[in-house]
Structure formats: structure tokens, C-alpha cells
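Mapping of the sequence shown onto this note's numbering: residues 117 to 512, in sequence order. For every residue, glycine included, the Cβ atom is placed at its ideal position computed from N, Cα and C. All values reported here derive from a predicted model rather than from experimental measurement. Here's the structure we're looking at; comments come further down.
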Amino acid sequence: MVDISKIKNIVVVGAGVMGYGIAQVALMAGFNVTLVDIKENIVNNGLTKIEEGLKKAQKKGKIEEGVSISDLMLKCKKSVDLSSVVKESDFVFEAVVEKLEIKKQICNLVMENSPPHCIFASNTSSFRITDIAEDAKRPENVIGMHFFLPVVLQCCVEVMKGEKTSDHALDVGVEIGKRLPCLKGKRLSVRIKKESPGFIANRLLMPPLIYLSWVFDQAFEKGIPWEQIDADAEARKLTPMGPCELNDYLGIDTAFNVMKSFEKIFSTDFAPGKVLTSLVKKGNLGRKTGQGFYNWKDGKPEIQLNKKAGLLNPEMTMAIMLNEGCKLLEENIVSGYKIVDDVMLTGTSIPGPFGPGKNNYEKWSEMLEDFVEISGKKYLKPCELMKSGDFINMRK
117 MVDISKIKNI
127 VVVGAGVMGY
137 GIAQVALMAG
147 FNVTLVDIKE
157 NIVNNGLTKI
167 EEGLKKAQKK
177 GKIEEGVSIS
187 DLMLKCKKSV
197 DLSSVVKESD
207 FVFEAVVEKL
217 EIKKQICNLV
227 MENSPPHCIF
237 ASNTSSFRIT
247 DIAEDAKRPE
257 NVIGMHFFLP
267 VVLQCCVEVM
277 KGEKTSDHAL
287 DVGVEIGKRL
297 PCLKGKRLSV
307 RIKKESPGFI
317 ANRLLMPPLI
327 YLSWVFDQAF
337 EKGIPWEQID
347 ADAEARKLTP
357 MGPCELNDYL
367 GIDTAFNVMK
377 SFEKIFSTDF
387 APGKVLTSLV
397 KKGNLGRKTG
407 QGFYNWKDGK
417 PEIQLNKKAG
427 LLNPEMTMAI
437 MLNEGCKLLE
447 ENIVSGYKIV
457 DDVMLTGTSI
467 PGPFGPGKNN
477 YEKWSEMLED
487 FVEISGKKYL
497 KPCELMKSGD
507 FINMRK
């Protein structure tokens with residue numbers, strides 16, 4: 117086990133919901149934290165959210181007795197000058213918008229101005245760590261650490277290396293992950309064997325967007341209301357919201373940007389469809405802009421789920437995730453399927469696909485073959501490991 121006792125000063129770049137969530141758990145773990153963003157009002161809002169989060173944690177008995185919220189907040193500084201604050205940093209989390217060039221610029225700036233031992237951890241959802249560290253000084257100290265929202269409640273962090281990342285940097289990232297508390301229990305800090313854009317969770321969560329984007333376009337062409345698509349999804353209750361509401365809640369640009377990234381890395385089948393592209397072009401990004409699939413201007417919309425379209429098959433999501441999980445096994449990204457199911461449940465609260473997949477892989481393989489036939493989306497063609505069922509003996 118690597119010693120992280122000398123890591124005292126953590127910088128979090130990006131004061132949005134992910135950034136201030138990471139900053140909060142770092143404070144709760146006893147680190148000195150500096151929250152950085154490009155505008156002071158954004159940083160101030162982040163600090164307010166951190167304080168609110170700490171108060172909630174205290175009410176649940178998750179703050180050490182005798183430690184006041186004001187004491188913790190004294191250990192949290194703010195800045196809009198990244199190059200200055202990283203000069204004394206030991207560890208830097210990056211949690212900014214999912215755009216490769218911005219992440220690369222921040223990585224380069226941090227590694228140019230930080231001490232030689234400083235480790236840079238990107239919270240990217242989709243990019244290769246190798247690409248983020250491509251032009252950076254000390255690429256051996258660049259890792260990926262992918263958290264889930266809300267950070268304080270979702271007890272998983274995925275840790276991954278790039279082509280030039282040292283084993284030491286990866287070990288430090290895993291141990292830092294273990295140190296960061298979670299209100300629901302012990303945090304699962306997962307070491308990923310090989311570089312995989314999207315880590316584990318997003319490798320499974322993104323391919324269903326190929327199917328959903330196709331469904332959105334079909335619904336639009338047929339004049340089917342979005343409520344009926346969400347009603348279709350109600351049958352399995354995999355997520356607390358249907359796909360239209362969920363995309364609105366998370367931000368339609370989030371799915372769009374990750375799909376564009378996966379389009380370049382994996383397949384043109386990830387290219388966002390007409391509906392998603394139109395919503396993004398119009399700036400209708402969901403809850404945060406007040407309009408997406410639904411109108412959020414007066415708060416959470418009332419969605420009528422009493423009528424189904426019969427267009428979306430909720431089993432397809434699990435079938436697609438099982439196929440992608442089997443690809444992770446084939447590619448030796450993971451050595452067994454248990455860790456995939458563990459990441460999905462602790463990170464996303466969605467059950468992993470392998471449990472139900474043991475009894476359904478033949479039916480699901482046929483479903484995927486049929487969908488590929490009508491849609492032309494060859495990326496979703498079932499792999500040999502899924503079709504054969506041999507994954508059943510690869511639990512570990």
C-alpha cells in the first residue's frame with residue numbers, strides 16, 4: 117500500500133456540481149482544499165454549496181465530533197488563479213466541462229506550475245488519459261479519477277492510468293479515493309487494469325444512447341409525445357426517471373458531448389441523432405436552461421405516464437450494457453464481471469447487467485441482432501462472449 121500521508125494540499129479545478137462535491141469530501145477527509153474556477157461568483161457559489169453539504173453531513177453524524185463546520189470551511193480556500201495556487205499543491209482534481217482541449221490546457225498549466233510530486237487527476241467522462249496528458253510535463257503523474265453524482269452519496273470512484281502513467285501515481289489515486297468519505301458507506305475505489313475511454317461505468321452507459329437517440333428520432337418522426345417514451349421505460353424502473361426526463365435532468369449537452377467523443381474513439385454509430393442535435397443547437401439543454409424535452413421553467417415538470425408509445429423496449433438497455441460489459445472482458449479492461457456490476461450499483465445505483473444477463477443472454481443477443489438489422493447500428497452487434505454465454509464463468 118502506497119503512503120499518502122504527505123499529501124496535504126488538494127486543488128479542485130471546476131466549482132460546478134462535480135467540483136464542489138469532490139471538494140466537500142476532500143475537506144471531510146481532512147485535506148486542505150482550494151476550489152478554483154474562472155469566475156469568482158462561480159467559486160463563491162461552490163463554497164456555499166460545500167457549506168450546505170457539510171451541514172447536512174453533520175446532521176447525519178458524518179462529521180467528526182468536536183469539528184465545527186466553520187473549522188472545516190477555514191481549510192477551504194478559493195481562487196481564480198490556477199497557476200498560482202498549484203505551486204504548493206500535492207494533488208489536483210480537474211472537474212471542468214467535457215471538452216478535450218480545455219482539459220489538456222488545464223493539465224498542461226497544472227503540470228508546468230506544480231511541484232514534481234504533484235499528481236493530476238482528470239474526472240473526464242469519455243476521453244483517454246493519454247490524450248489529456250499528451251503535451252503535459254510529467255505525463256507519468258496524470259491519472260483519471262471518475263466520480264459519480266452526487267459525489268457525497270454515490271460511493272464509487274474509478275481510477276485509471278494513461279499510456280505513460282506510473283504505477284505509483286495510479287496507486288496514490290486509488291488510496292486517495294479510499295480516503296474520501298461517502299454518506300452511504302465505505303467508498304469503492306476501483307483500479308482499472310487498462311486504459312478505457314469512459315472507464316467502466318460510461319463504457320456501459322453510453323452505448324444505450326445509440327439506441328435511445330434512434331428512439332428519439334423515431335418518436336419525433338411519428339409525432340409521439342416524449343411522455344409516452346418515458347412511460348415505455350417505466351416497465352423496468354432501472355432509473356428513477358425515463359430517458360427524456362433523465363437527459364433533461366443531467367443536461368442534454370452532457371449526453372451530446374460524450375456521444376461526440378465516443379463517435380471519434382469507438383464508432384460513428386455514436387453520432388447524436390437529429391433530436392439531440394437540434395436541442396443542443398437551440399440551447400434547450402434541459403433543467404439548467406429551463407427547456408429540453410420538457411419545460412422546466414416553473415420547476416420539475418408534471419409528466420403524464422399513463423399512456424405508452426410501445427416504441428422503446430426497456431430490456432434493450434440491459435442487453436446493450438451486457439454486450440459492452442462482455443467487450444470489457446474481451447479487451448482485458450477488467451478480469452471479471454463482478455467489478456463491473458459493483459461499479460454500476462455503487463456508482464450509478466443501477467444494477468449491473470451480468471446478474472440478469474446469465475438467464476437472458478440468448479434472448480438479448482437476438483434482440484440486438486434484430487435492432488442492428490433495422491437500424492444499421494453495427495456497434496451494437498452482440499460480441500462472441502455475450503452470444504456464447506461464456507462470460508458466466510468469468511465472475512472473479
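Contact belief for residue i with residue j at Cβ below 8 Å, rounded distance in angstroms
i: residue 209; j: residue 126; result: 7 Å
i: residue 120; j: residue 291; result: 5 Å
i: residue 235; j: residue 146; result: Between residue 146 and residue 235 the Cβ distance is about 18 Å, and since that is not below 8 Å, they are no contact.
i: residue 152; j: residue 118; result: The pair is not a contact, with the Cβ atoms about 26 Å apart (cut-off 8 Å).
i: residue 487; j: residue 496; result: 6 Å
i: residue 370; j: residue 362; result: 10 Å between Cβ atoms; not a contact.
i: residue 203; j: residue 229; result: 6 Å
i: residue 469; j: residue 438; result: 4 Å
Segment limits, beta strand (DSSP E) that includes residue i
i: residue 260; result: 258-263
i: residue 378; result: First-last for residue 378: 368-381, but that is the alpha helix (DSSP H), not the beta strand (DSSP E).
i: residue 148; result: 148-152
i: residue 126; result: 125-129
i: residue 195; result: 192-195
i: residue 409; result: Per DSSP, residue 409 belongs to no beta strand (DSSP E) and is neither H nor E.
i: residue 210; result: 207-210
Secondary structure of residue i, DSSP reduced to three states
i: residue 386; result: helix
i: residue 301; result: strand
i: residue 270; result: coil
i: residue 361; result: helix
i: residue 235; result: strand
i: residue 420; result: coil
i: residue 244; result: coil
i: residue 134; result: helix
i: residue 315; result: coil
i: residue 183; result: coil
i: residue 144; result: helix
i: residue 277; result: strand
i: residue 118; result: coil
i: residue 331; result: helix
i: residue 456; result: helix
i: residue 396; result: helix
i: residue 391; result: helix
Cβ neighbours of residue i in the same chain (closer than 8 Å, five flanking residues each side left out)
i: residue 329; result: 375, 388, 389, 391 and 392
i: residue 336; result: 390 and 391
i: residue 357; result: 346 and 365
Limits of the alpha helix (DSSP H) - the one that residue i falls within
i: residue 499; result: Neither: residue 499 is in no alpha helix (DSSP H) and is coded neither H nor E.
i: residue 451; result: Unbroken run through residue 451: none, as it is neither H nor E.
i: residue 202; result: Unbroken run through residue 202: none, as it is neither H nor E.
i: residue 427; result: First-last for residue 427: undefined, no H or E at that position.
i: residue 295; result: 283-295
i: residue 251; result: Run containing residue 251: none; DSSP gives neither H nor E here.
i: residue 169; result: 156-175
i: residue 400; result: Here residue 400 belongs to no alpha helix (DSSP H), and DSSP marks it neither H nor E.
i: residue 227; result: 216-229
i: residue 439; result: 431-446
i: residue 472; result: 470-491
i: residue 345; result: 342-349
Same chain only: Cβ atoms within 6 Å of residue i, ignoring 5 sequence neighbours per side
i: residue 179; result: 173
i: residue 159; result: 131, 151, 153 and 194
i: residue 443; result: 499
i: residue 407; result: 400
i: residue 270; result: 264 and 463
i: residue 282; result: 256
i: residue 413; result: 406
i: residue 251; result: 224
i: residue 493; result: 326 and 385
Other residues of its chain near residue i: CB distance less than 7 Å, five sequence neighbours each side excluded
i: residue 511; result: 452, 453 and 454
i: residue 294; result: 303 and 305
i: residue 156; result: 196
i: residue 245; result: 238, 258, 259, 260, 276, 277, 278, 281 and 311
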